[in-house]
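For the record, in the sequence shown the residue sitting at position 22 is 25 according to the numbering used here, with numbers rising by one throughout.
Glycine is no exception: its CB is placed at the ideal position from the N, C-alpha and C atoms.
Fair warning: this is a prediction, and the values are worked out from it, not measured in the lab.
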Amino acid sequence: TPRGASAFPSRLAMFDDGRVLCALGGFLVLAHACYAVISYRDELKIAGDEFEGVPVRVAVECAIGAAMCAWGALGFAGEFMPIAAQPRELPPDNLEKMGDFVTFNHRGTARRRTRA
Numbered sequence: 004t005p006r007g008a009s010a011f012p013s014r015l016a017m018f019d020d021g022r023v024l025c026a027l028g029g030f031l032v033l034a035h036a037c038y039a040v041i042s043y044r045d046e047l048k049i050a051g052d053e054f055e056g057v058p059v060r061v062a063v064e065c066a067i068g069a070a071m072c073a074w075g076a077l078g079f080a081g082e083f084m085p086i087a088a089q090p091r092e093l094p095p096d097n098l099e100k101m102g103d104f105v106t107f108n109h110r111g112t113a114r115r116r117t118r119a
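#1: The alpha helix (DSSP H) that contains Asp45, what's its start and end?
#2: Quick check on Glu64: buried or exposed, where buried means 16 or more other Cβ atoms within 10 Å of its Cβ?
#3: Which residues in the same chain have their Cβ closer than 8 angstroms to the Cβ of Gly78, if we skip the five residues on either side of it in sequence?
#4: Taking only three categories from DSSP, how would you classify Val59?
#5: Whole angstroms are fine: how far does the CA of Gly29 sit from the CA of Ala50?
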């Protein structure tokens, strides 16, 4: 076999998974929806009408494309790994009662001086 022939099928192996193809298809659907909105605005400019909103067909196309991309993105990540909680070391007893931020120069002291 030729030298490059063995590497060629491995490059296409990522397209064997349906989720990767779904993600790529979702990006294409979203790109088509962007093109549809741009052409719709151009048609409105030619007709002299104001742009009041996106057509329902384009909004549904965006929702389908986003759903396809989200479902396909799960295929890129691989299998989920379980989260293993690490036991935390407990702080010494004398550090638990100590405050992190203590200030004695606050507006309460100024109010106390004005009352007296």
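So, from the listed chains and residues:
#1: Gly21 to Ala50
#2: buried
#3: Asp20, Gly21, Arg22, Val23, Cys25 and Ala26
#4: helix
#5: 31 angstroms
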